[in-house]
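Written below as structure tokens is the structure these notes are about.
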């Protein structure tokens, strides 16, 4: 089914690269007229100031898979093929054969395609103009040289596309005719897959990679090499490889992060314009609103039922493409899964008080190590792929599968995130969202408990560890208030000192912390002359302690997560109260908070 869906994409998409073509930098260009006369010298298109044109302007060029044989490309090739230039270490006899093969291919093209650029390039060689073109001083052996005829790029002409498809197809053909397993028609069959995927699009590959490859007898069924028992016709083989390459190289249809071991590509068939990646990564409010309101519409729903979301996740092993996952399902189901994703992970921001959704790439990013900034500066998340990042290598794609397909989260994710919070001392909305997501999708959590895990504080949620987290947040807020009123510098807050220990054993920290609480309340009532604030904090703590029969001790995994969630949401609730009181929208017994600067971090890192 994967191969058939790739062929369908190639048949319906305008973005697919032509068969047997790929994008490469063409450094040198030579413009000739219709009679083959050069209209100037070689033009260098390299631009060191532009990272995308450092080695020349990127263009479509005929793709050639070369090993030890001589295989010229059409109208674009290296200086050895196009002009017979000798580089240092090159063998003159071999270069002469390369040059002759290129000229022979041009002559054959001119006979087959009398219209277009072919006759002009053939005349360029026939009239001896090629012998007058000398290699530039900064020419190197791997530089590509391309022809333009009257300002038109020759390799992209219609006649060039048609002729090159036939030449490359003959090189890859098996000489057999049979039933193609993709299209189900009797067609000329391929000997090998016609193109390879550049290694930059296949994480883990060390060379350009093949989707189907059996170049040794021991690799194939009944000790048969090549595509003997995998009959694929030339037309389908071309479409498969060009479609897959186009998808993997298009940021609108694929994504990968440094250090992660796979790249995911997706496409939609059937007419729907829904973009699943935009829904979970770009977080466009209009897209989200339309998605949530989708079930109320009838026309869109009917289109979603006939449209299919397809995705393939690939990795690499030397020169082989490893298909790690393949998915095909109706768009309507994908939308339902994304709605559930938002329901399960949205979280309140402890600084703004707003409920927010988090990008999938950011959720993967915050699962890594956090490096605190120097001298109070903003911290940073360790970059993807960097040494010591401490992220599961497949986390990004596992999260993406959970978002789009409602697949289970990695079993160790919750424990991993909790450990990172303890070690880093860092809890932000994205990490809190991961905690809530992992809890709501925890396999053994009862449904009634799952429904109590809301994005904002749920005062009706009386789970002991959750309440303990709320108590810890009030204690920390009390300490900050006391030191702020006393105009004393607070080097280490209660939370900074005890948060990691409280996650593992709330009882030990809260029991010992109550002694500090009494001292802080006493200071507010006495020397600091804030008895109203002291009563407010005492009343809040009493209301929380009365909900606990016993303060939870050594915590199991879900209790640790509940503690963290309660702490985060209580902080956010107190902040929201203060913001509302400052705007005269709500009364609060909490003391006002100064206009602090929101905590910052380098949340961008590598783009997805």
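Numbering (full-length UniProt numbering), first residue to last: 1 to 608.
Glycine is no exception: its CB is placed at the ideal position from the N, C-alpha and C atoms.
Distance check for residue 352 and residue 271, CA to CA, integer angstroms please.
The count along the chain shown starts at 1 and reaches residue 271 at position 271. The count along the chain shown starts at 1 and reaches residue 352 at position 352. Distance between the alpha carbons of residue 271 and residue 352: 40 Å.
Helix, strand or coil for residue 249? Go by DSSP, reduced to three states.
Within the chain shown, numbered from 1, the residue matching residue 249 stands at position 249. Note: residue 249 maps to helix in three-state DSSP.
Just to confirm my understanding: we take residue 27, look at its own chain, exclude 5 residues before and 5 after, and list those with CB closer than 7 Å. What are they?
Counting from 1 along the chain shown, the entry for residue 27 is found at position 27. Cβ within range, chain order: 44, 45, 46, 55, 56, 143 and 144.
Hey, residue 513 and residue 494: beta-carbon distance below 8 Å or not?
By one-based count along the chain shown, residue 513 stands at place 513. By one-based count along the chain shown, residue 494 stands at place 494. Against a cut-off of 8 Å, the Cβ pair of residue 494 and residue 513 comes out as a contact.
Under the three-state DSSP convention, the category residue 341 falls into
As a working note, residue 341 is residue 341 in the chain shown. If DSSP states are grouped into helix, strand and coil, residue 341 belongs with the helices.
With residue 209 as the anchor, note down where its beta strand (DSSP E) starts and where it stops.
As a first step, residue 209 must be located in the chain shown, where it is residue number 209. That run of the beta strand (DSSP E) goes 205-210.
Three-state secondary structure (DSSP) of residue 176
The residue given as residue 176 occupies position 176 in the chain shown. DSSP places residue 176 in strand when its eight states are reduced to three.
Which word fits residue 550, buried or exposed, when buried means at least 16 other C-beta atoms lie within 10 angstroms of its C-beta?
In the chain shown, counting from the first residue as 1, residue 550 sits at position 550. When all chains shown are included, residue 550 counts as exposed.
How should residue 614 be labelled, buried or exposed, when 16 other C-beta atoms within 10 angstroms of its C-beta is the threshold for buried?
Because the chain here runs from 1 to 608, residue 614 falls outside it and cannot be looked at.
Which residue comes first and which comes last in the alpha helix (DSSP H) that contains residue 142?
As a position in the chain shown, residue 142 is number 142, starting the count at 1. From DSSP, residue 142 is part of no alpha helix (DSSP H); its letter is neither H nor E.
Is the Cβ-Cβ distance between residue 525 and residue 531 less than 8 Å?
By one-based count along the chain shown, residue 525 stands at place 525. By one-based count along the chain shown, residue 531 stands at place 531. Contact: yes.
Please state the DSSP three-state secondary structure of residue 386.
Indexing the chain shown from 1 puts residue 386 at position 386. Coil.
Using 10 angstroms around the beta-carbon of residue 451, count the other beta-carbons present and answer buried if the total reaches 16, otherwise exposed.
Residue numbering aside, residue 451 sits at position 451 when the chain shown is read from its first letter. Residue 451 should be labelled exposed.
Can you give me the Cβ contacts of residue 368 inside the same chain, cut-off strictly under 7 Å, excluding the 5 residues immediately before and after it?
Counting from one through the chain shown, the residue named residue 368 turns up at place 368. Once the five neighbours on either side are set aside, the close Cβ partners of residue 368 are 381, 382, 389, 390 and 391.
What is the C-beta distance between residue 268 and residue 309, in whole angstroms, given that I count them as a contact (C-beta under 8 Å)?
As a position in the chain shown, residue 268 is number 268, starting the count at 1. As a position in the chain shown, residue 309 is number 309, starting the count at 1. Confirmed, Cβ separation roughly 6 Å.
According to DSSP, what are the bridge partners of residue 187?
Mapped onto the chain shown, residue 187 falls at position 187. Its beta-bridge partners are 178.
For residue 575 and residue 564, what's the separation of their Cα atoms in angstroms?
Reading the chain shown from its first residue, position 575 is the one you call residue 575. Reading the chain shown from its first residue, position 564 is the one you call residue 564. Cα-Cα distance, rounded: 17 Å.
Quick check on the burial criterion: 16 or more other C-beta atoms within 10 angstroms. Buried or exposed for residue 119?
As a first step, residue 119 is located in the chain shown; it is residue number 119 there, counting from the start. With 16 or more other Cβ atoms within 10 Å, it is buried.
Three-state secondary structure assigned by DSSP to residue 347
As a first step, residue 347 is located in the chain shown; it is residue number 347 there, counting from the start. In this structure, residue 347 counts as strand in the three-state DSSP scheme.
Since residue 190 and residue 234 should fall inside the 8 Å C-beta cutoff, what is the C-beta to C-beta distance between them, to a whole number of angstroms?
The residue you call residue 190 lines up with position 190 of the chain shown. The residue you call residue 234 lines up with position 234 of the chain shown. Yes, residue 190 and residue 234 are in contact; Cβ-Cβ is about 6 Å, under 8 Å.
Check this for me: beta carbons of residue 91 and residue 61, under 8 Å apart or not?
On the chain shown, position 91 is the one that residue 91 refers to. On the chain shown, position 61 is the one that residue 61 refers to. Not in contact: residue 91 and residue 61 (Cβ atoms no closer than 8 Å).
Terminal residues of the alpha helix (DSSP H) in which residue 79 lies
Taking the chain shown and counting its residues from 1, the one referred to as residue 79 is at position 79. Here the alpha helix (DSSP H) through residue 79 covers 79-83.
Contiguous alpha helix (DSSP H) assignments of at least 4 residues, all confined to the stretch 2-89:
2-12 and 79-83
When the Cα atoms are used, what is the spatial distance from residue 333 to residue 466?
Translated into positions along the chain shown, residue 333 becomes position 333. Translated into positions along the chain shown, residue 466 becomes position 466. One C-alpha to the other measures close to 33 Å.
When 373, 370, 374 and 338 are compared against residue 358, the one with the closest alpha-carbon:
The count along the chain shown starts at 1 and reaches residue 358 at position 358. The shortest Cα separation from residue 358 among 373, 370, 374 and 338 belongs to 338.
Chain D contact for residue 112 (CB, 8 Å cutoff)
This model lacks chain D altogether; it includes just one protein chain.
Can you name, in chain order, every residue of its own chain whose Cβ lies under 7 Å from the Cβ of residue 579, other than the five neighbours on each side?
Residue mapping note: residue 579 aligns to position 579 of the chain shown, counting from 1. The answer, listed in chain order, is 353.
Thinking just about the alpha-carbon of each residue, which of 393, 433, 440 and 416 is nearest to the one in residue 408?
Here residue 408 corresponds to residue number 408 of the chain shown, with the count starting at 1. Answer by Cα proximity: 440.
With DSSP run on the structure shown, which of helix, strand or coil describes residue 254?
Numbered from its first residue, the chain shown carries residue 254 at position 254. Residue 254 falls in the strand class under three-state DSSP.
Residue 396 - DSSP class collapsed to helix/strand/coil:
By one-based count along the chain shown, residue 396 stands at place 396. Three-state DSSP puts residue 396 in a helix.
Taking the continuous alpha helix (DSSP H) assigned at residue 537, which residues delimit it?
By one-based count along the chain shown, residue 537 stands at place 537. Element bounds for residue 537: 531-545.
Excluding the 5 residues preceding and the 5 following residue 53 in the sequence, name in chain order all residues of the same chain whose CB lies nearer than 6 Å to its CB.
Taking the first residue of the chain shown as position 1, residue 53 is located at position 53. Around residue 53: 47.
Leaving out five residues before and five after residue 18 in sequence, what residues of the same chain have Cβ atoms less than 6 Å from its Cβ?
In the chain shown, residue 18 corresponds to position 18, counting from 1. Excluding sequence neighbours, residue 18 sits near 161.
According to DSSP, is residue 566 part of a helix, a strand, or is it coil?
Here residue 566 refers to the residue found at position 566 of the chain shown. If DSSP states are grouped into helix, strand and coil, residue 566 belongs with the helices.
Beta strand (DSSP E) segment containing residue 553, residue limits:
For the purposes of this step, residue 553 is identified with residue 553 of the chain shown, where counting begins at 1. Element bounds for residue 553: n/a, residue is neither H nor E.
Does the stretch 71-85 come within contact of the stretch 98-112, defined as at least 3 CB pairs closer than 8 Å?
yes
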